[in-house]
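Chains W and B, in that order, give the protein sequences. Read left to right, the first sequence gives residues 1 to 341 (the numbering used here). Read left to right, the second sequence gives residues 1 to 296 (the numbering used here). No residue lacks a Cβ here, since even glycine has one placed at the ideal position from N, Cα and C. Quick caveat: nothing in here was measured; it's all calculated off a predicted structure. I have placed the structure first, in the form of structure tokens, so that the comments after it can refer back to it.
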Amino acid sequence: MSTDTDTKVAIRDLYKIFGPRAAVMTEHVRAGMSKDDLLDRHGHVVGLRAIDLDVTAHHIQVVMGLSGSGKSTLIRHINRLIEPTAGEVLVDGVDVLGMTQQELREFRRSKASMVFQRFALMPHRTVADNVAYGLRVQGIDRAESAERSRHWIDRVGLTGYEDYYTTQLSGGMQQRVGLARALATDAEILLMDEPFSALDPLIRTDMQDILLDLQSELHKTIVFITHDLEEALRLGNNIAILRDGEAVQIGTPQEIVMRPADDYVAEFIKDINRGRAIEVASIMESGHVNGAPEVDAGAVLDDALQSLIGAGAEVATVTRDGKPVGSVRLERIAAALARPD
Amino acid sequence: MELFDKFPTLGDQELRDLKKAIDRGFRDFSRSHGEAIENFFDPLLQFLVWFERLLQTSPWPLIVLAVAVFAWLGARNWLVVVGTVAAFLAIGYLGMWRDTMATLAIVSVATLICIAVGIPIGIAMARSDRVQAAITPLLDVMQTIPSFVYLIPVVMLLGIGKVPGLIAVCIYALPPIVRLTNLGIRLVDREVLEAADAFGASYTQKLFGVQIPLALPNIFAGVNQTIMMSLAMVVIASMIGVKGLGVPVLRAISNQYLALGLMNGLAIVVLAIIFDRISQGFGKNLQKHRRDEHRH
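Next comes the structure, spelled out in structure tokens:
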């Protein structure tokens, strides 16, 4: 059993260039030619440039970026739906790019399953048969597939809809089918390509809840693509921000919010609700005052603020697992809430 | 400037020699291989003869009943069933029963052959752009070349009879099912195919589990077109010895028998309409049927 700190997926110096002479173009890109220059002078498009990313086992790794930043391209390298121009993708230490077609099919069947932005369900199959798809592909017999399919349909809250066709369901329900289909194969890695982007905001929050709920129990290694920072902050144990095919910052949500690497990232976090994104631990100071109200280190600023104001205090003791680890002052909370310039 | 006034042509003598050489070459080929080719098609001939005799010797109420059941299974519509039965009774009453059965036999067999040959070709075309590029011009030729032109080599090879007629019908009726199978598979949603890939589906699992089921409406449109076109070939096929409704039409043309031509011609039209409704219905039902199958 792997522990929390093991790297499940390691992406090493990955390049993807689109065009007929991609391999030659990699040299230009390595030498530092920009995306625009490469397109203007050689007619090739940079998809990904020098990506290094370690995905920790049992964590949710969010990959965030605007459209065209290469995030969907990146996730498709992990199960090799897209072949890279250069680089390595190691899953449990095995290079996915070195696999034969047979090994790759086996890898996709049992080790990494996928959820798609536009669901990609099969319209000629019922909900139950869609969920069972990965199992049927593995050659598992009809009865057992149906049994396992029923279990996952239940887990995503679709009991009673087994015999519906996917076109009869709403978007949110369709993506539950997509999620159940991916979970049904018991793969350790879940690749989620903007799974909730096509859904209404309320439904999206619902789906995030379902995912977090399942994750607290299943502990999958999840790579989650999104263009929505609130979603990234809510779900991610770690966030990688892509821009023009380059990783501009990789860090925990707190690191991203408190110390944006450059203007691009700063622009991203400008409009977030800082009171709900920043945790007390990120701004606490050492030392504590006796008799002050206590707040948990993992609490967000909004909640800390409420405790302080409720108690009529200026300073609170920060605790972790009930033990005091520091303190936080009201003015420091106010300063953190203020939008950075 | 003589060059511009008169198109430079091969001399008459050379041209004659060229044509002669081609004719001789093909004649030699048909003399040496004709029998082998005939033997190759013999099982087909036996089957066609057997099927035609079956239709012609079975008691007519049995045939009408079978056609009615077929119509119901296909169209699921009483109006179509009643229309079909009425049409067959009228055909029989007007003395065209034997010819209609012969036509029914050759159209059925031709359609089966086209399906058996055409769908795999369409699948191969959908799989590879190169195969598609190679076969598309061939289909263009098959669809545009005047049928009489390919009747010549077919008759030279196999003489006059059922098998050459069947081949002529198939050449004419094959392209739509090939094209529509290819098209149908190519039109399958790329995202769904990507999902199948992501779950580790093999080529055959994708083909039979995703591509063909989703291409079925188009494939069935192809089957429908193939049936229609083989019916349209019935008259031309009768010129090289295929029995059926085409024979009296041909006789009517050469003798100016208006009524005879009209009646047999209309019988072909009626068959076409019936086949069309039934095969379209089958296309739709097959989808529903699959759904029903999954429900239980």
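Are the C-beta of residue i and some C-beta of chain B separated by less than 7 Å?
i: Met-192 (chain W); result: no
i: Gly-134 (chain W); result: yes
i: Val-62 (chain W); result: no
i: Arg-176 (chain W); result: no
i: Tyr-161 (chain W); result: no
Between residue i and residue j, what straight-line distance do the alpha-carbon atoms span, to the nearest angstrom?
i: Gln-215 (chain W); j: Glu-230 (chain W); result: 18 Å
i: Ala-71 (chain B); j: Thr-181 (chain B); result: 24 Å
i: Tyr-15 (chain W); j: Gly-87 (chain W); result: 6 Å
i: Gln-61 (chain W); j: Ile-171 (chain B); result: 58 Å
i: Ile-78 (chain W); j: Arg-276 (chain W); result: 32 Å
i: Ala-8 (chain B); j: Leu-15 (chain B); result: A quick correction: the sequence has Pro, not Ala, at residue 8 (chain B). Roughly 13 Å between the two C-alpha positions.
i: Gly-322 (chain W); j: Gly-298 (chain W); result: 12 Å
i: Val-67 (chain B); j: Asn-224 (chain B); result: 17 Å
i: Met-142 (chain B); j: Leu-157 (chain B); result: 18 Å
i: Asp-95 (chain W); j: Glu-103 (chain W); result: 11 Å
i: Ile-164 (chain B); j: Ser-30 (chain B); result: One point to set straight first is that residue 164 (chain B) is Pro, not Ile, in the sequence displayed. Approximately 13 Å between the Cα atoms of the pair.
i: Asp-52 (chain W); j: Ala-247 (chain W); result: 8 Å
i: Arg-295 (chain B); j: Tyr-161 (chain W); result: Confidence at Arg-295 (chain B) is low in this model, with a pLDDT of 40, below 50, so its placement is unreliable and the value that follows should be read with caution. Looking at the two C-alpha atoms, the distance is approximately 11 Å.
i: Ala-334 (chain W); j: Val-280 (chain W); result: 12 Å
i: Leu-245 (chain W); j: Gly-19 (chain W); result: Correcting the residue type first, residue 245 (chain W) is Gly in the shown sequence and not Leu. Distance between the alpha carbons of Gly-245 (chain W) and Gly-19 (chain W): 15 Å.
i: Ser-149 (chain W); j: Ile-203 (chain W); result: 23 Å
i: Arg-291 (chain B); j: Thr-221 (chain W); result: Caution is warranted here: a pLDDT of 48 is assigned to Arg-291 (chain B), below 50, making its placement in the model unreliable, and the coordinate value is therefore given only provisionally. Each residue's alpha carbon lies about 35 Å from the other.
i: Arg-243 (chain W); j: Ile-272 (chain W); result: 19 Å
i: Gly-32 (chain W); j: Thr-73 (chain W); result: 21 Å
i: Tyr-164 (chain W); j: Ala-128 (chain W); result: 8 Å
i: Gly-261 (chain B); j: Val-169 (chain B); result: 21 Å
i: Val-300 (chain W); j: Met-192 (chain W); result: 27 Å
i: Ile-283 (chain W); j: Pro-293 (chain W); result: 17 Å
i: Phe-224 (chain W); j: Gly-139 (chain W); result: 28 Å
i: Ala-232 (chain W); j: Asp-6 (chain W); result: 22 Å
i: Pro-137 (chain B); j: Phe-148 (chain B); result: 19 Å
i: Asn-255 (chain B); j: Val-249 (chain B); result: 10 Å
i: Val-210 (chain B); j: Gly-251 (chain W); result: 40 Å
i: Ile-145 (chain B); j: Arg-98 (chain B); result: 31 Å
What in chain B is Cβ-close to residue i, meaning under 8 Å?
i: Ser-113 (chain W); result: Ala-198, Phe-199
Cβ of residue i less than 7 Å from any chain W Cβ?
i: Lys-20 (chain B); result: no
i: Val-188 (chain B); result: no
i: Ala-195 (chain B); result: yes
i: Gln-132 (chain B); result: no
For a contact defined as C-beta to C-beta under 7 Å, what are the partners of residue i on chain W?
i: Pro-213 (chain B); result: His-124
i: Glu-2 (chain B); result: None at all; the shortest Cβ gap to chain W is about 50 Å.
i: Ser-202 (chain B); result: Arg-105
i: Val-210 (chain B); result: Met-122
Using a Cβ cut-off of 7 Å, pull out every chain B residue sitting near residue i, in sequence order please.
i: Leu-183 (chain W); result: Residues of chain B passing the Cβ test: none, with the nearest at roughly 12 Å.
i: Ala-120 (chain W); result: Glu-191, Val-192, Glu-194, Ala-195
i: Leu-81 (chain W); result: Glu-194, Asp-197, Ala-198
i: Phe-116 (chain W); result: Glu-191, Ala-195
For a contact meaning CB atoms closer than 9 Å, what does residue i contact in chain B?
i: Arg-108 (chain W); result: Asp-197, Ala-198, Phe-199, Gly-200, Ala-201
Going along chain W, which residues have a C-beta under 9 Å from residue i?
i: Gln-205 (chain B); result: Arg-136, Val-137
Tell me whether residue i, by its Cβ, gets closer than 6 Å to a heavy atom of the ligand MG.
i: Leu-266 (chain B); result: As far as ligands go, the structure on display features none, and thus does not contain the ligand MG.
Segment contact, 8 Å Cβ cut-off, at least three pairs: the region 104-121 of chain B with the region 50-66 of chain B: yes
Cβ contact (3+ pairs, closer than 8 Å) linking the region 80-89 of chain B and the region 183-196 of chain B: no
Positions along the region 135-148 of chain W whose CB lies within less than 7 Å of some CB in chain B: Listed by position, the residues of the region 135-148 of chain W near chain B (Cβ gap below 7 Å) are Val-137.
Validate contact between the region 201-208 of chain B and the region 229-242 of chain B using beta carbons, cut 8 Å, 3 pairs: no
Meets three-Cβ-pair contact criterion under 8 Å: the region 216-236 of chain B and the region 112-124 of chain B: yes
Three or more C-beta pairs below 8 Å linking the region 307-326 of chain W and the region 282-297 of chain W: yes
The region 36-43 of chain W contacting the region 123-140 of chain W, beta-carbon criterion three pairs below 8 Å: no
Segment contact, 8 Å Cβ cut-off, at least three pairs: the region 232-240 of chain W with the region 248-262 of chain W: Touching, per the Cβ criterion.
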